[in-house]
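Trainee: Residues -10 to 412 in this note's numbering are what the sequence shown spells out, letter by letter.
Don't be surprised by glycine CBs; every beta carbon is placed ideally from N, CA and C.
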Amino acid sequence: MEADREHCVNAPSAEEKQEWEEKAKNENEKQKKRQSSAKKREPRDSKHPPVPPWFAMVVDEDDRESRGFRVFQVHSGVHVDGSCKAIEWLKDLTGQGDGSSRYLPASLYPKLFTLPWLGWIPVTVQHLDCLGDMAARPSPVAVEPQGEDGRKCIIVMEERECVEEAYGILDGELVPETFPSKNAPGKRSLGTLYKHPRMSTWFALWSERAQECKLESCQVLEISTGVYQDGTCKGRRWVRSCDRGGGQHEFALANSQLSLLQLQANNWIPISVDKQGSDGSNILLVPSLDLLVLELSRIINGEQSPDPFPSSCPPAPRVKPTCAVSFPPPSTKAGTGHEGDGSRAQDMARNAAAEQGDAGAGSSCEKKRLLQSKKVQLGSVCGRLRELIEKEDCASCMLKIAWYDASSFRGSGVQVKHLEFAC
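1) On the DSSP bridge assignment, give the partners of residue 207 in chain order.
2) Using alpha carbons as the reference points, say which of 387, 42, 201 and 95 lies closest to residue 73.
3) Are residue 112 and residue 92 touching if we call contact CB-CB under 7 angstroms?
4) Compare the C-alpha of residue 48 against each of 107, 189, 90 and 254 and name the closest.
5) Determine the contact status of residue 240 and residue 280, defining contact as a CB-CB distance below 7 angstroms.
6) Leaving out five residues on either side along the sequence, give the residues of the same chain with a beta carbon under 6 angstroms from the beta carbon of residue 179.
7) To the nearest angstrom, how far is it from the Cα of residue 7 to the Cα of residue 17?
8) Is the Cβ-Cβ distance between residue 76 and residue 94 less than 7 angstroms?
9) What would DSSP say about residue 392, mapped onto helix, strand or coil?
10) In three-state terms, what does DSSP make of residue 146?
11) Compare the Cα-Cα distances from residue 373 to each of 222, 204, 263 and 290 and report the closest residue.
12) Hey, quick one: how far does the beta strand (DSSP E) through residue 63 stretch, first residue to last?
13) When DSSP labels each residue in this structure, what does residue 156 get in the three-state scheme?
14) Less than 6 angstroms between C-beta atoms, sequence neighbours within five positions excluded: which residues of the same chain meet that for residue 257?
15) Could I get the ranges of all uninterrupted alpha helix (DSSP H) runs contained in the region 229 to 289, with 4 residues as the minimum, in chain order?
16) Roughly how many angstroms separate the alpha carbons of residue 45 and residue 190, rounded to a whole number?
17) Return helix, strand or coil for residue 224, following the three-state DSSP convention.
18) Is it buried or exposed, residue 224, if we count other Cβ atoms within 10 angstroms and call 16 or more buried?
19) Considering Cα atoms alone, identify which of 246, 232 and 186 is closest to residue 278.
20) With a 10 Å radius around its C-beta and 16 neighbouring C-beta atoms as the bar for buried, classify residue 262 as buried or exposed.
21) Residues in the same chain with beta-carbon distance under 8 angstroms from residue 110, minus the five sequence neighbours each way, listed in chain order, please.
22) Note down, in chain order, each residue of its chain lying with its Cβ closer than 7 angstroms to the Cβ of residue 114, except the 5 sequence neighbours on either side.
23) Taking all protein chains shown into account, decide if residue 235 is buried (16 or more other Cβ within 10 angstroms of its Cβ) or exposed.
24) What would DSSP say about residue 375, mapped onto helix, strand or coil?
25) Please report how far the alpha carbon of residue 99 lies from the alpha carbon of residue 54, in whole angstroms.
26) Going by DSSP, which residues form a beta bridge with residue 80?
27) So residue 185 packs on residue 215, CB below 8 angstroms; how close in whole Å?
28) Quick check: residue 285 and residue 222, are their CB atoms within less than 7 angstroms of each other?
29) Enumerate in chain order the residues of its own chain whose CB-to-CB distance from residue 40 is below 8 angstroms, with the five nearest sequence positions on each side excluded.
30) With a 10 Å radius around its C-beta and 16 neighbouring C-beta atoms as the bar for buried, classify residue 307 as buried or exposed.
31) So, helix, strand or coil for residue 216, using DSSP?
32) Check this for me: beta carbons of residue 238 and residue 209, under 7 angstroms apart or not?
33) Since I believe residue 226 is in contact with residue 244 (beta carbons under 8 angstroms), could you give me their beta-carbon distance rounded to a whole number of angstroms?
34) Given that a residue counts as buried once 16 or more other Cβ atoms are within 10 Å of its Cβ, and exposed if not, what is residue 101?
This is how it looks when you write it as structure tokens:
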């Protein structure tokens, strides 16, 4: 009983409990205010950070015939989607009588605007007052719609050249501008940033299929410009017309006019060709085409590194192999027609072994050259054997010959991974 009485005496009253709760509540509110004020003081990344104002000329496909354009003063960085905050300047239709177009601000404050990916360039403007006096201020400057006379206007410097430059970007002839995200863009050099600059004509062996390379899918491209970083260039196509034998193939012109071509990083190689014909330009003769196709297939398969896109000067053609072996056409004997094929494959194996012995007597560089030459020869034989198998339907017979001759290649250090026989 005495303990209960002491507890009742020491227990806080209802007023004290309410006072304590109010103090705790006030402390929590103060702490939240301190945290929110600290967050406000922390710098945050903005989608459109403020930048020194700069001017842009924007063109559109709908205004191509009239060569129209719009002028904007950008006050923020441009996001990757092209959005920014800008003020549009409209043409002053009253005119000043001197033939120059003058522009007035359409609003006092920037509004959300989206720049197109193509068809805009930064321009330089000169500030004037409405009486025609030059404002002694650099461009770009902040918008000051209220001056001594109450109005301000601008003129675009080199307006006609800037219009042609913007439409050249819209047509894909000139290099486009990148969106400036944090700073104002620099001055553009008009008439110099061509996407496909002219250069000396060069030729490339090109494969239509990006995953594989076959003789039937290869074309020759006659390229007259530099290749842009996206692989586009301008030139003409040549298609294969006939086989002269001995590894030489003729190509005929597919289109006489220059057209836009699309290259990929690994589906072309520079080559050297010979022009023939009455005018010297209607037929192309490509020597060692089989070996070039084999080299292009290695690049497509990732076994060799591709050539970089040439932007200013023609690339050097691929060096033709020094040791090239030509084989006779498939046998046409009566019967099965496979006797000559087997002996030819055996002769090829003996020749490769003999060349390997000769290479052992030379220097190390000569050994590497002969070894690379034998690899190329085996790849060329692979294509001829594949054509023979498809023509004569002799896959099983040729597979037996490959089994019997496997020991001849095993000791030579040559990988016969290109010989694929479809049973």
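Mentor: Let's see:
1) Locating residue 207 in the sequence shown gives position 218, where the first residue counts as 1. Paired residue(s): 196.
2) Here residue 73 refers to the residue found at position 84 when the sequence shown is read from its first residue. Ranking 387, 42, 201 and 95 by Cα distance to residue 73 puts 42 first.
3) As a working mapping, residue 112 is identified with position 123 in the sequence shown. As a working mapping, residue 92 is identified with position 103 in the sequence shown. No, the pair does not count as a contact, with Cβ atoms beyond the cut-off.
4) For the purposes of this step, residue 48 is taken as the residue at position 59 of the sequence shown. Taking only the C-alpha atoms, the option nearest residue 48 is 107.
5) Position 251 of the sequence shown, counting from 1, holds the residue named residue 240. Position 291 of the sequence shown, counting from 1, holds the residue named residue 280. Not a contact, by the Cβ cut-off of 7 angstroms.
6) Counting from one through the sequence shown, the residue named residue 179 turns up at place 190. Same-chain partners within the cutoff: 150 and 154.
7) Taking the first residue of the sequence shown as 1, we reach residue 7 at position 18. Taking the first residue of the sequence shown as 1, we reach residue 17 at position 28. Spanning the two alpha carbons is a distance of roughly 15 angstroms.
8) Your numbering for residue 76 matches position 87 in the sequence shown. Your numbering for residue 94 matches position 105 in the sequence shown. Going by C-beta atoms, residue 76 is nearer than 7 angstroms to residue 94.
9) For the purposes of this step, residue 392 is taken as the residue at position 403 of the sequence shown. Helix at residue 392.
10) What you label residue 146 is simply residue 157 of the sequence shown in a count that begins at 1. In the structure shown, residue 146 sits in coil (DSSP, three-state: anything other than H, G, I, E or B).
11) By 1-based counting over the sequence shown, the position of residue 373 is 384. Checked all of 222, 204, 263 and 290; the closest Cα to residue 373 is 204.
12) Translated into the one-based positions of the sequence shown, residue 63 becomes position 74. 59 to 65 is the extent of the beta strand (DSSP E) around residue 63.
13) Stepping through the sequence shown from its first residue, residue 156 is reached at position 167. Reduced to three states, the DSSP call for residue 156 is helix.
14) Along the sequence shown, one-based indexing puts residue 257 at 268. The answer, listed in chain order, is 193 and 195.
15) 278 to 289
16) For the purposes of this step, residue 45 is identified with residue 56 of the sequence shown, where counting begins at 1. For the purposes of this step, residue 190 is identified with residue 201 of the sequence shown, where counting begins at 1. Looking at the two C-alpha atoms, the distance is approximately 37 angstroms.
17) Residue numbering aside, residue 224 sits at position 235 when the sequence shown is read from its first letter. Strand.
18) The residue you call residue 224 lines up with position 235 of the sequence shown. Its Cβ being crowded by 16 or more others within 10 Å, residue 224 is buried.
19) Counted from its first residue, the sequence shown places residue 278 at position 289. Of the candidates 246, 232 and 186, the one whose C-alpha sits nearest the C-alpha of residue 278 is 232.
20) Start at 1 with the first residue of the sequence shown, and residue 262 comes out as number 273. Buried: at least 16 other Cβ atoms inside 10 Å.
21) Locating residue 110 in the sequence shown gives position 121, counting from the first residue. So the list reads 45, 46, 151, 154, 155, 158, 166 and 177, once near-sequence residues are dropped.
22) Walking along the sequence shown from the start, residue 114 turns up at place 125. Taken in chain order, the residues that qualify are 44, 128, 143, 144, 145 and 146.
23) To locate residue 235, count along the sequence shown from 1; it is residue 246. Flag for residue 235 reads exposed.
24) Position 386 of the sequence shown, counting from 1, holds the residue named residue 375. Residue 375 falls in the helix class under three-state DSSP.
25) Taking the sequence shown and counting its residues from 1, the one referred to as residue 99 is at position 110. Taking the sequence shown and counting its residues from 1, the one referred to as residue 54 is at position 65. Using only the alpha carbons, I get a separation of about 30 angstroms.
26) Along the sequence shown, read from residue 1 onward, the residue named residue 80 stands at position 91. 92.
27) By one-based count along the sequence shown, residue 185 stands at place 196. By one-based count along the sequence shown, residue 215 stands at place 226. Right, the Cβ-Cβ distance comes to about 6 angstroms (below 8 angstroms), so this counts as a contact.
28) Residue mapping note: residue 285 aligns to position 296 of the sequence shown, counting from 1. Residue mapping note: residue 222 aligns to position 233 of the sequence shown, counting from 1. In this structure, residue 222 does not lie closer than 7 angstroms to residue 285 by Cβ.
29) Start at 1 with the first residue of the sequence shown, and residue 40 comes out as number 51. Cβ neighbours of residue 40 beyond the five flanking positions: 63, 64, 65, 66, 169, 171, 172 and 173.
30) The count along the sequence shown starts at 1 and reaches residue 307 at position 318. Classification of residue 307: buried, given that the 10 Å Cβ count is 16 or more.
31) Counted from its first residue, the sequence shown places residue 216 at position 227. Coil at residue 216, not helix or strand.
32) Here residue 238 corresponds to residue number 249 of the sequence shown, with the count starting at 1. Here residue 209 corresponds to residue number 220 of the sequence shown, with the count starting at 1. Not in contact: residue 238 and residue 209 (Cβ atoms no closer than 7 angstroms).
33) By 1-based counting over the sequence shown, the position of residue 244 is 255. By 1-based counting over the sequence shown, the position of residue 226 is 237. That pair is a contact at about 6 angstroms.
34) Reading the sequence shown from its first residue, position 112 is the one you call residue 101. Exposed, by the Cβ-count rule.
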